[in-house]
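So the structure is just underneath, and the comments pick up after that.
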Amino acid sequence: MTYLLIVLFILPTYVAGLFGSKKNITVIGHIDCGEKGYSGVTVTLWEDDLLNFDDKLDSTHTNSTGHFHLFGETREIRNIEPYITIKHSCNSGHHDVRCLYTDRYNVPKSYQGMTYNFGNIELSTATMKRKSKCY
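Letter by letter, the sequence shown follows residues -17 to -1, 1 to 118 in mature numbering (1 follows the signal peptide of the UniProt record, and there is no 0).
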């Protein structure tokens, strides 16, 4: 039974690798905390997978002015479903080291093979999918 479950979770990855084609996305943007560029923030580009774990495509930190640039490529049978996560400590416009927040932002599927510009992302306002871990 355990073997069957393992096969069912691993098989989709191999099928996509054999029959899928390379898909890519470039994502750029600027992150603010309280209307000021937020440097050193971790931004990760992911591809949402329905049947197994999401694929991490790229990761970076915002530069000294809050800008980021990510590129990701993966082999998939269908169109990719990219999104970014932003890990930060921006709370109500101020840097608060007591908590680590993670926000998720979806990238429109129509930008596959192109560059999507998020523009300015203001972290002072929580997203619906915000996760927090406070110490």
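Think of the CB as a built atom: it goes at the ideal place given N, C-alpha and C, for glycine as much as any other residue.
Per DSSP, reduced to three states, the secondary structure at S107 is coil, with no helix or strand assignment. When DSSP assignments are scanned along the stretch 56 to 118, the uninterrupted stretches of beta strand (DSSP E) that are 3 or more residues long and fall wholly within it turn out to be 65 to 71, 82 to 89, 98 to 105, 114 to 117. Between the beta-carbon of H44 and that of G23 there is about 5 Å, and that keeps the pair under the 8 Å contact cut. Each residue's CA atom was taken as its position, placing K112 and T68 some 10 Å apart.
In the DSSP assignment, N7 falls within the beta strand (DSSP E) that extends over 4 to 15. Ranked by how close their Cα comes to the Cα of C117, the residues A109, H50, E105, V80 have V80 in first place.
Within the same chain, T27, L28, L53, F54, G55 come within 8 Å of D41 by CB-CB distance, once the 5 residues on both sides are set aside.
Counting the other CB atoms within 10 Å of its CB gives P91 a total below 16, which places it among the exposed residues.
With respect to the 9 Å criterion, H71 and T108 are not classified as neighbours on the basis of their beta carbons.
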